[in-house]
Each structure stands twice: as structure tokens, then as C-alpha cells.
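Residue numbers (numbering that gives the first Met the number 0), protein chains in the order written: chain A, 0 to 211; chain B, 0 to 186. Just so it is clear, CB atoms sit at the ideal spot from N, CA and C, and this is done for glycine as well. Worksheet for the structure shown next.
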Amino acid sequence: MAQQDGPTPLERFINGILPENPVYRQLLGMCPTLAVTNGMKAAMTMSAAVAFVLICANIVTSLIRGLLKPHLRILVFTLTIATFVTIADRFLAAYMYQMSKQLGPYVPLIIVNCIIICRCEVCASKQPVFTAASDAVGQSLGFALALASIATVREILGSGTWFGLRVLPEMWPDWVIMVLPPGAFLTLGLLLGTANWIGSLRAKGSQTSQEG
Amino acid sequence: MKNDIGQAWLVIVLSLLFGGALAGVQAKLQGKIEENRLAETLSQIPRLVPGAQSGEATVLAGRSVYRAMVGERQVGWVLLAGGQGFADRIDLLIGLDVGVKTLTGLYVLDQRETPGLGNRIVEDAWRGQFVGKTTAAPLQVTKAEAAVQSEIRSVTGATISSESVCDIVNSTVADLRDELAAEAIRE
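Shown next as C-alpha cells:
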């Protein structure tokens, strides 16, 4: 298979973090984004699990990219992803038992997380291993950053804590709704709006500077 | 046929490889996972049966039960019980005295009830109501202050979660009462 041109490893890495952030820019992986961001600990464990699966799946897919049959590729991606998700799930149950109980079905659901299949399709099945790996690391960092931003807002307002540590005074009336599902939608909506607003301001800024 | 294999060989090979890898992971971690579950249960036993120092797992009438022991003497029972809650399955540990006359404790092992409402069933204040209840009459949930011995005050806004817990306790105790009393090690 001839080497195809595409973004370089560094471009892939940087794009994943902000310019093509999986949550704020691509709106992928919404299920864990909404479901496990009621506390920082759960959000960071989820990010780590997704990072593990994404990096492994991208590397394996990239290694076998020359053997893929176009109409069977999604099947192979899913098979690869499911394997690594199951490993992550068993590992959590063995070494982080309480956290595994808290995350419940959301760890097995990483199998259907679109970020991973999207990266396999867009990058790993077309580019060499190093590019695929740096793409996976970048996207994982972007995902972790997005989950951290939402979880920070929700945990502080909803429980008065951050990573389980008290940050607001005891008199703070915990906004329980922030820990409940509506809080996830409210927070995601507001943060997404803010991200787009900043994006459009910057786009305007660069336009005027070009004109001037 | 030949063409099919030509198309699918990668999927078949990968399936076998991944299946083998997963079997390995499972074989390696299975023991550890079971241990975590058992450790959590055993660590709760002294809190579920007053005075108990250790627990012994055993199976009775097809269910997991634990003898709460002080040295060689049995002082109570801990039962693993589960049932449908409001959102998902609720798993409980129920502490009983050795004669299965009184509830001595209740612990929620696993639940996914609504945060802030139903999940308050895990709080000490609510679970504490079960301590000292007699097993003679089935427990009932009330929305007012519990007036009679067999009443449990529901968590505000989570009547279904509260009733689920009471139902699980009632049915488990009713199912196992006779077997437990007969099997107790007495001295």
C-alpha cells in the first residue's frame, strides 16, 4: 500500500487537543461526556480508559491497515475496540473495584464510543503507526480536557467538592441538579456555546487583522 | 468458498487472537475480582452484626450467606440479597441475629438509584432504621414518621427505592428464616 499523504504526526497530535477536540469540535462521545462527569474521579478514570482503548486500537488498526478489506473494515475496528474495552473493564474491576462499580455500564459502552471508531477510520486505517499513535494521544488528551472541564463545573456546583476534596464552604447549598442528568446537559450546552463564541470572536479577530 | 475465506481470513484470525488474549486476561484477573467482592462483603460483617469479628462464606438453599463469628461461636447471619430497584438492580447485605429474630444491620452493596433522591438509601441515617426491627412481621414503608415497630420511613421523593429495599429484605428473610435458624452453629 503506497504511503498516503495526510497530516503529519505533530499536526494530528495538536489537532486532537483543541482544533478538532472530540467533544467540543466533533461532538463525538457524548454518552460518557454526559453520563460520568458528575465527579472528577469518575471523569478522569473514564478518560484514562478511553485513552488506553484509543491508543491500542489505533496502533493495531494502523499495523494491519494494508490487510483491511474495505467492506469488512468496520467489523475489524469493532472487534479490536471491543477487545481492548473488555481488558480495560476487567482491569478496573480487579484493581479499582469501587470505581468500576461507580462507572457501571459506561466502561463496556466505550465499545460504541464514536471517537474511537472515527479515529480508526479517519487516521489509523490510512496512516503509519507513529502518526496513528500520536493522533490517539492527542484525541485522548482532548477528550480528557473536555471531560475535566464539564466535571469541574458539575462537581463543584453540585457537591461543593473537586476530586472529592471540599472546595466550597460547608454552607454552600449543593445544587443537586448539577449532579443529575439535567446538569450534564446544562453544563455541556453552556460550555459548548462559550467555546463556539470564543471561536467566532477569534475568527473575526483574524479577519480584521488580515484586512487591516 | 475459497473467495469467502480470502475475504474473511483477517477477521477470523483476529477473532481467535483476541479471544485468546481475553481468555488470558480473564483467567488472570478473575480471582482478584472475586476477591474484591468477597473482601467488601466480609469487611462489612462486623458493622452488620454487633460484636462479630469475622465472616465465613457458605451457601444455603442456593444463596450466598455468611456466618458472623466471634472466634468459634456464631453470633449472627449476613445475607446477600438483591432485587429490582427504581433504576436498576439493588444488592444488599442484611445482618441478622443468630436466631433470625431481629435485623442487626443493612448495607447497600450496589445500586444505581437517582443521585440525591433514591441513592440516599445508602446513607447511615436511613439504613439505621432497620437496626433492631423484628422479623416477625414484614416491614412496611410509611411516608410519615414511623409509628409502629414494623414501619420504615421512606426517603423523601424516593418511595419506590425505599419500598424496593424493604421488599428485598422481607422476601429474603421470609425465604431463609427456617433454614438459617436450623443451620446456626450453637454451643
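The DSSP assignment places no complete run of the beta strand (DSSP E) inside the stretch 122-169 of chain A (cut-off: 3 residues).
Burial state of residue 197/A is exposed, judged by a 10 Å Cβ sphere holding fewer than 16 other Cβ atoms.
Between the stretch 47-58 of chain B and the stretch 143-162 of chain B, the count of C-beta pairs closer than 8 Å stays below three; the two stretches do not touch. Annotation: residue 131/B is outside any alpha helix (DSSP H) and is labelled neither H nor E by DSSP.
In this structure, the alpha-carbon of residue 124/A lies about 11 Å from that of residue 130/A.
Taking 8 Å as the CB threshold, residue 82/A lines the interface with chain B.
With a beta-carbon spacing of about 5 Å, residue 194/A and residue 23/A fall inside the 8 Å limit used to define contacts. Nearest CB-CB separation between residue 105/A and chain B: not below the 8 Å threshold. For residue 137/B, same chain residues with a beta-carbon under 6 Å away, outside a window of 5 residues either side, are 169 in chain order. At least one CB atom of chain B sits nearer than 8 Å to the CB of residue 90/A. Boundaries of the beta strand (DSSP E) harbouring residue 93/B: 88-96, taken from the DSSP string. From the listed residues 112/A, 127/A, 45/A, the smallest Cα separation to residue 25/A is found for 112/A. With respect to the 8 Å criterion, residue 44/B and residue 77/B are classified as neighbours on the basis of their beta carbons. One Cα belongs to residue 156/A, the other to residue 186/A, and the distance between them is close to 11 Å. The stretch 26-34 of chain B makes no contact with the stretch 0-18 of chain B; the number of CB pairs closer than 8 Å stays below 3. Contact check for residue 183/B and residue 97/B: beta-carbon distance about 5 Å, within the 8 Å limit, so the pair qualifies. Taking C-alpha positions only, residue 113/B is separated from residue 104/A by approximately 15 Å. Nearest CB-CB separation between residue 3/B and chain A: not below the 8 Å threshold. The beta carbon of residue 20/B sits closer than 8 Å to some beta carbon of chain A. Counted as a single uninterrupted DSSP element, the alpha helix (DSSP H) harbouring residue 170/B occupies residues 158-182. The alpha helix (DSSP H) runs lying completely inside the stretch 36-65 of chain A and spanning 4 residues or more are 39-62, given in chain order. Within the same chain, Cβ atoms closer than 8 Å to the Cβ of residue 7/A are found at 130, the five residues on either side in sequence being excluded. Contact annotation: in the stretch 10-38 of chain B, residues whose CB is within less than 7 Å of a CB in chain A are 10, 13, 14, 17, 20, 21, 24, 25, 28, 31, 32, 35. Nearest in C-alpha terms to residue 177/B, of all of 99/B, 133/B, 123/B, is 99/B.
For the 8 Å CB-CB criterion, residue 101/A and residue 41/A form a contact. Annotation for residue 102/B: the continuous beta strand (DSSP E) segment containing it runs 102-109. In the displayed model, residue 48/B falls within coil according to three-state DSSP, outside both helix and strand.
When C-beta distances to chain A are compared with 9 Å, the residues of the stretch 114-137 of chain B below that value are 114, 115, 116, in chain order. Here the alpha carbon of residue 67/A sits roughly 41 Å from the alpha carbon of residue 201/A. In the three-state scheme derived from DSSP, where H, G and I count as helix and E and B as strand, residue 143/B is classed as coil. Non-local beta-carbon contacts of residue 96/A in its own chain, meaning distances under 7 Å to residues more than five positions away in sequence, are absent.
The Cβ neighbour count for residue 164/A, taken over all protein chains shown within 10 Å, is under 16; the residue is labelled exposed. Per DSSP, the beta bridge partners of residue 68/B are 53/B, 73/B. In this structure, DSSP gives residue 150/B an extended state, which the three-state scheme calls strand. Residues of the stretch 13-44 of chain A with a C-beta atom less than 8 Å from some C-beta of chain B are 37, listed in chain order. The stretch 143-150 of chain B makes no contact with the stretch 49-68 of chain B, as fewer than three CB pairs between them are under 8 Å.
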